[in-house]
Every structure is written in C-alpha cells, then in structure tokens.
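So the structure is just underneath, and the comments pick up after that.
Number of protein chains: 2
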Amino acid sequence: MKRLDSTPKADGFRMPGEFEPHKGTYIIWPERPDNWRYGAKPAQATFIKVAEAISKFEPVTVCVSDEQYANARQLLPDNIKVVEMSNNDSWVRDCGPTFVTNGKEIRGVDWEFNAWGGLVDGLYFPWDKDDRVAQKICELENANRYRTEGFILEGGSIHVDGEGTLVTTEECLLSEGRNSHLTKEEIEEHLKKYLNLEKIIWLKRGIYLDETNGHVDNIFSFVKPGEAILAWTEDKNDPQYEICKECLDILENETDARGRKIKVHKLLLPKPILIAKEESEGVDAVDGTLPRNEGDRLAASYANFYIVNGGVLVPLFNDPNDKKAIETLQNAFPDREIIGIYAREILLGGGNIHCITQQVPKGAD
Amino acid sequence: MKRLDSTPKADGFRMPGEFEPHKGTYIIWPERPDNWRYGAKPAQATFIKVAEAISKFEPVTVCVSDEQYANARQLLPDNIKVVEMSNNDSWVRDCGPTFVTNGKEIRGVDWEFNAWGGLVDGLYFPWDKDDRVAQKICELENANRYRTEGFILEGGSIHVDGEGTLVTTEECLLSEGRNSHLTKEEIEEHLKKYLNLEKIIWLKRGIYLDETNGHVDNIFSFVKPGEAILAWTEDKNDPQYEICKECLDILENETDARGRKIKVHKLLLPKPILIAKEESEGVDAVDGTLPRNEGDRLAASYANFYIVNGGVLVPLFNDPNDKKAIETLQNAFPDREIIGIYAREILLGGGNIHCITQQVPKGAD
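The listed protein sequences derive, respectively, from chains G and P. So the first sequence is numbered by my numbering: it starts at 1 and just counts up by one. So the second sequence is numbered by my numbering: it starts at 366 and just counts up by one.
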C-alpha cells in the first residue's frame, strides 16, 4: 500500500466517531513480563474475554508476536483471526492507526509514536516495534497511509464526534515528552489537517495519576454528536474531584463544531484501587520500564469503555459502582447492549478496554 | 481460524492444478546472510522483479520479518501487500500451505516442515519459524486448516493435475530425512487423503545435485490435465541425461488418474552453472547451514517456472537455451504470456521462481 504525502482534510477524509459502524476491531496480545504480572498469563485471559465479547458484535483480529503466536492461536476462539505482529506492548489504541474515511474508502493515519513521552517520561524503551504497528495494520486492511513524521500522538489521547469536533487534554498533548517543539496552535493545526476537524475542545487534565499524561479516553467519551460521558466523583477529598469539576466546567461552557451545547452524562468512578503486594511481585523489574509498586494508585475508570456495533464493553472492578456504571451507560446508549467485563488485569498494565482496542470503520456508507 | 481433524478428501476438498485460476500469490522476502550473498541484497532485487511481474497478473502478498519490514515495504511497489511473518528462509512453496477447495471455500493443508531433511540432511537449523508460516498464511486468507502432524512434506515435492493425479520423486518422498517411519504405500495414502487423489506417479530422481533431494518442481510440471513439461538434456555425458531419460520412460509408460496418456514437452536445460568465487565469498559461513562453495554445480532448470493467471514466469540464466525455453513454453501454453526473468540470484540460494511462490486458488468456481 501507499504512503501519501497529502493530508486527510485535503483529500476529503474524516475520522468517524467510534459510535459509527465498524468493519472490525484490532487487539494486540499482551506478553511483556516487565509490565504484565506472571508472564502476562492473567492479562491474556482477560484479553481473550474482551476479544470474545467483541467478536459477538463484529470481526476481531488479534496481533501477536511470533513467540506467542501458537499460544494465542490455541487460546483464542476459532472465529477470531490471529496475525503475526511484533510489538513492544499491547496498546493498539495508542500505537495503531487512526482510520479516516471518505465514505467509500478507508485510509490510516500513522502517527509517530514514542511510548507516551519518549526519553522525557516514556514508559519503556525502545518503542520501534510499536511504531511499525500502524503501518502493518494499514497493509492488512489494504489502506493507504498518512504518516505524521515529527508529530507524536496516541489514539487514546483524542476523541471525536465525527462531525468536526475533537476533545483532548492539555496534560497530554502539551506534555514535554511529545510535541514540545510545537505551539498549541500548531498542534491544533496538525489535528485539524489529519482528522478533518473544525474545533478542538481542550480539557485540562485526565484521570489522577494516569501514566499516559492524562489520556482523554480514560475520562471522557462521545456517545454521539452533542452528547458525551464524563468520569465523575462526588468525593471532594479526592484529588480527582477537582479534575472532573474542571472538565465539566469546560464542557458546559463550550459548543461543538456545529455550534451545539454538549449534553454530559456523569459516570461515577470506582473507589481508588491500589496495586496489591502479590500483583507487584509478579512483574519483572527492568531498568527503564515504569515499575508496578505495591500500594500505587491505579487510574481506574469506567470511561475507558469501548463502543462496538450494537454494544458497549465496559471494564468492571468488583466495586459497588460497577452496577451504577452499567446503568449510566445503558441510559446513555439505550439501543446498545452493555457488556461488563471484570478488567483489573488490564488496569494493572496501565490502561483498560478502550486502550487495548482499535476500530476499523466501515469504508462505505 | 480452525484446525480441522478430518481430511480434505473426506470433506470433499481437492488441490487444484497450478494452471487453474488464482486468487493471488504469496512470496517470502529473502534475508538470511548464510544463504543469500551480500546480505541478500542482490536476491531481494530479483524477488522484487518476480513479485512485480506476478502483480501484473494477480494480487501479490510479500511476507517479511519485522527486521526487514520497513526495507521491503519501501522497495516493493505500492500495489503489493506487505505483511509481517517470521521465517527461517524464503521458500514459501515448501513451508507455505497447500490450498484445497470444494469450489466454494478454500482450506489449507499445513504439512509438517523440517527444512528438507531435518537432522538427517536438512539445509539449516532450526526451522521452527518456517513451520509456522503455513498456519499464518491460512489465517490471513481466512482459511481453516488441516495439519499433518507426523507427515513431512514440502509443496515443491509434488505437482498435481487437479483431476486426481500427483507426480513426485522417490528421491525426495522416500528420503531418510522425511517420512522414513512410513512405507511407500502409507505415504501414498497420506497424499491421497490430504490432496484428494486417485493416482500417484513416482519419478525416480529430480535435477542432478538438487539440495532438496530432487524436488519434482525443478524437473517436471503440468501444463494442464494430460499434458506436462519435463526438463531435458541431449548431453549423454551429463549425469543429468540418465535422470531425464528415466523420467521420460516412466511418464511414457504411465496413464493418469483418468486413464489418459500424458503428452510430454521436453524443456531443454541450460548448460551446467557453477558458483563463482565472488558469489561464494558473499555468503556468511555458519555451522549447520549448507555452504555455498566456489565451483559447486547449481540445480539450474527452466522447469522451475510458475504459472499465474494469464502468464508463465520462467527463470533465465543468460544461457543460449534461454530463448529456446521461452519458445517451448509458449508452444505449451499458447494462451499465456511467457515472462522470462534473469534469476541466477534465486538459483544461488538453492531454488527458483516456483520455489519462492505459492498460489492461493480462487475459492469459488
């Protein structure tokens, strides 16, 4: 397939909202023992549950290293496609392509990737295999590709409404480890050209202590144009409260690209979740990789859900708010089936269901 | 995709002849420096020519290791699909799947692979990545798969007419390094079950000094049912003469599965081709890998051609018989375009165009 030198906006391609119809979903198989406890076996079991749940709604492709290929193929259900793909870790939301469409054809945006902050505050080194993932998925999808050399972005740091609006966080997109050579205005320009946008809404910060520098996909998501979900807490003693309140204030005082006010559903967070001793002990210690220490607070959030054709997959944490989260989402998505998946193992690795999935939009309307 | 415990014959699937319509062709990118001279760069240039030539007739997918991915993607034309696939070398004819069809669906036969003789006289060690290639190509093609645990075979050691007849060589299929735990009759049974055959025609030997233990695809090929090509020499002082004569005698005294005599076109071989000093010097010396010594005679043969939709690709050697080979093939395939490709670089690695290609048949009639 081709590498294109133009931009999606110039070519009439836009990024659809996640709630628009999908052709399918990609997942990368987890394996690195310095991030996933006990040789990633518990995480693999949870990834299988996620893949299986999605495959009831749309086709799923799981990308896996050669070393883990036979194991993944044997453990995953037959209706899931397994393809070889080298990787540094399993966050296809962030290293995978962002697909754009003109209603007839899909193309991929292949953002430069530097493991959430490169040599400044990245989470591991090196990240070269991750940075080839987007290109390889584009090839598998027969999709030509825009590569943003010199512009670093992860798919989890943006959400769009498919009608010209993007929501992101300053904490992430203005972080020192990504595009500190660009001004905020220049970053806006890049986003607008590569995703075909008219308006960027800047939240300040994401979930408290989120190691991605506050990815928006852990705190906010669109339900449809003009309607969104915001992670929320009523606990004013939690540092998370001020962050959520700040987001809400911004959203309530903004309009989207079409001039609409955005209706916001508050999605209550679980209580703080800390890494247990046994969980910490199962992770290999490796210099240069973010450690998983006992007692560290995890960035747990139900907002890290993933919308599929006819369904919504939401992470659960064995928390009293699990039930409430499903109710809130069912209320926001009345026409979709809400599937809860106990996902502490994904959280322990630093993200959740939205972070480990990447949709391929339907090419034709 | 699924691993099936039945057999193609039981399920009503047969291997089509190579001359039947293709969905596309797979190739594996060459790279190992202990087989391909000068870091495989000259071989890569020739593989590109082959891929490009095939892509004028049908879709081509090139499989490549992660290490060579960026290089291959950049060097290959845009219309060729490039997918990651770990491998031990680039002989997809031999380690790839043999596809079978029932006229509606395709499935793969995933033969056990041991690098042309395993620990007895195999050409390198290990071969584990090669042995996963067939499975991975099946996944990419959404094809369920029959795995022949305990039965070793390479695709280059067989040719079929698609109507119940298979031609092979005793030199290869009865070799000590493959299925010496099975009798000739048991080997016939496996072939019949997995390829849906009624008749096996056993040639004695393949091309003189062929390191594959005389793969049939270097000496013989079907044009269509009842008609075939046989490599030939008139030089009675060449040890090759006796081999060719023996093949001809067998073919002339045999009938195929439908009771037809087989019309044989003789395809004159090039003059003996030896490895040059400079060619030998470009290859890394590695214990356990077959060396490439100056003066060694190569198994050069025009019979290692590959039939594509509407064309035939034939290796050329800058030999006086090049022109004659094209004439013979044009005469045998009057409705196909004959494309000659100078292919000494592939020959230096131990095979030729047929060995580096694997067709995917059209699933539906």
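The beta carbon of each residue, even a glycine, is placed where N, CA and C say it ideally should be. All values reported here derive from a predicted model rather than from experimental measurement.
Any chain G beta carbon closer than 8 Å to residue i
i, result
"N507 of chain P", "yes"
"Y434 of chain P", "yes"
"D684 of chain P", "no"
"V532 of chain P", "no"
"R497 of chain P", "yes"
"V673 of chain P", "no"
"V447 of chain P", "yes"
"K421 of chain P", "no"
"K628 of chain P", "no"
"K494 of chain P", "yes"
Beta-carbon proximity check, residue i vs residue j, cutoff 8 Å
i, j, result
"E112 of chain G", "D131 of chain G", "yes"
"G17 of chain G", "F222 of chain G", "yes"
"D621 of chain P", "K564 of chain P", "yes"
"E84 of chain G", "M380 of chain P", "no"
"A299 of chain G", "D210 of chain G", "yes"
"P97 of chain G", "C138 of chain G", "yes"
"V673 of chain P", "I471 of chain P", "no"
"I703 of chain P", "V677 of chain P", "yes"
"G306 of chain G", "A325 of chain G", "Per the sequence presented here, residue 306 of chain G reads as Tyr, with Gly not at that position. Taking 8 Å as the Cβ cut-off, Y306 of chain G and A325 of chain G do not qualify as a contacting pair."
"V92 of chain G", "V133 of chain G", "yes"
"L76 of chain G", "I48 of chain G", "yes"
"N179 of chain G", "F220 of chain G", "no"
"N304 of chain G", "P315 of chain G", "yes"
"G295 of chain G", "I275 of chain G", "yes"
Proximity test, Cβ basis, 8 Å: residue i and chain P
i, result
"R336 of chain G", "no"
"Y342 of chain G", "no"
"E105 of chain G", "no"
"D66 of chain G", "yes"
"D110 of chain G", "no"
"M85 of chain G", "yes"
"M1 of chain G", "yes"
"D78 of chain G", "yes"
"E139 of chain G", "yes"
"K184 of chain G", "no"
"K136 of chain G", "yes"
Residue i - DSSP class collapsed to helix/strand/coil
i, result
"E283 of chain G", "According to the sequence as given, residue 283 of chain G is Val; it is not Glu. In the structure shown, V283 of chain G sits in coil (DSSP, three-state: anything other than H, G, I, E or B)."
"T530 of chain P", "strand"
"T426 of chain P", "strand"
"K388 of chain P", "strand"
"Y606 of chain P", "helix"
"Y306 of chain G", "strand"
"P361 of chain G", "strand"
"F47 of chain G", "helix"
"K446 of chain P", "strand"
"T328 of chain G", "helix"
"K374 of chain P", "helix"
"L123 of chain G", "coil"
"K41 of chain G", "helix"
"I152 of chain G", "strand"
"I137 of chain G", "helix"
"D210 of chain G", "coil"
Identity of the residues DSSP links to residue i by a beta bridge
i, result
"S221 of chain G", "G:I229"
"D475 of chain P", "P:R512"
"P315 of chain G", "G:I341"
"L298 of chain G", "G:I273"
"I393 of chain P", "P:C428"
"R368 of chain P", "P:R510"
"H265 of chain G", "G:I229"
"V525 of chain P", "P:L531"
"R93 of chain G", "Bridge partners of R93 of chain G: none, in fact."
"K199 of chain G", "G:T165"
"F464 of chain P", "P:G473"
"T620 of chain P", "P:K626"
"R14 of chain G", "G:T101"
Exposed unless 16 or more other CB atoms sit within 10 angstroms - verdict on residue i
i, result
"R258 of chain G", "exposed"
"N658 of chain P", "exposed"
"N453 of chain P", "buried"
"Y707 of chain P", "exposed"
"A228 of chain G", "buried"
"Q74 of chain G", "exposed"
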